[in-house]
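To start, the structure itself, in structure tokens.
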Amino acid sequence: MDSVFVDIDSIANFILSVSTPEHALSYTRQLGAEIMTLSYLADVIPESRWLSVKKYHPHAKQMRTRNRRLTIIFHIEGDTVIVDKIIASSNIVS
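Quick note on the numbering used here: the sequence shown kicks off at 85 and runs consecutively.
Here it is, written out as structure tokens:
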């Protein structure tokens with residue numbers, strides 16, 4: 085989970101480098117809201133077939149963000165959704 089916070093920080097820093105602080109804050113808040121929706125959507129999202137996703141967890145699932153630029157990689161353990169990584173959608177390859 086710590087790597088997810090590092091991912092979010094690096095995303096915010098990148099947006100901050102190309103945009104305004106307000107936009108970076110807004111974007112990271114939206115990203116946080118999308119991560120929170122995983123608790124509702126995780127059961128209906130199928131396991132990923134991509135090797136670049138499965139390297140994070142053998143039963144990994146993926147959800148693209150609203151703007152489709154980022155992919156949230158996660159898995160389920162019991163009743164808990166665990167976010168493994170947030171990566172650029174362009175990095176999803178077989």
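The beta carbon of each residue, even a glycine, is placed where N, CA and C say it ideally should be.
All of these numbers come straight from a predicted model, not from anything done at the bench.
Next on the checklist: Can you list, in chain order, the residues of its chain with a C-beta nearer than 7 Å to that of Leu100? Leave out the 5 residues immediately preceding and following it.
Outcome noted: Ala108
Item to check | For Ala172, the residue or residues it bridges with in DSSP | outcome: Leu154
Checklist entry - Would you report the Cα separation of Ala126 and Gly162, rounded to the nearest angstrom? => result 12 Å
Checklist entry - For Thr104, is the classification buried or exposed, using 16 other Cβ atoms within 10 angstroms of its Cβ as the cut-off for buried? => result exposed
Checklist entry - Going straight from the alpha carbon of Ala144 to that of Ser173, what length do you get? => result 15 Å
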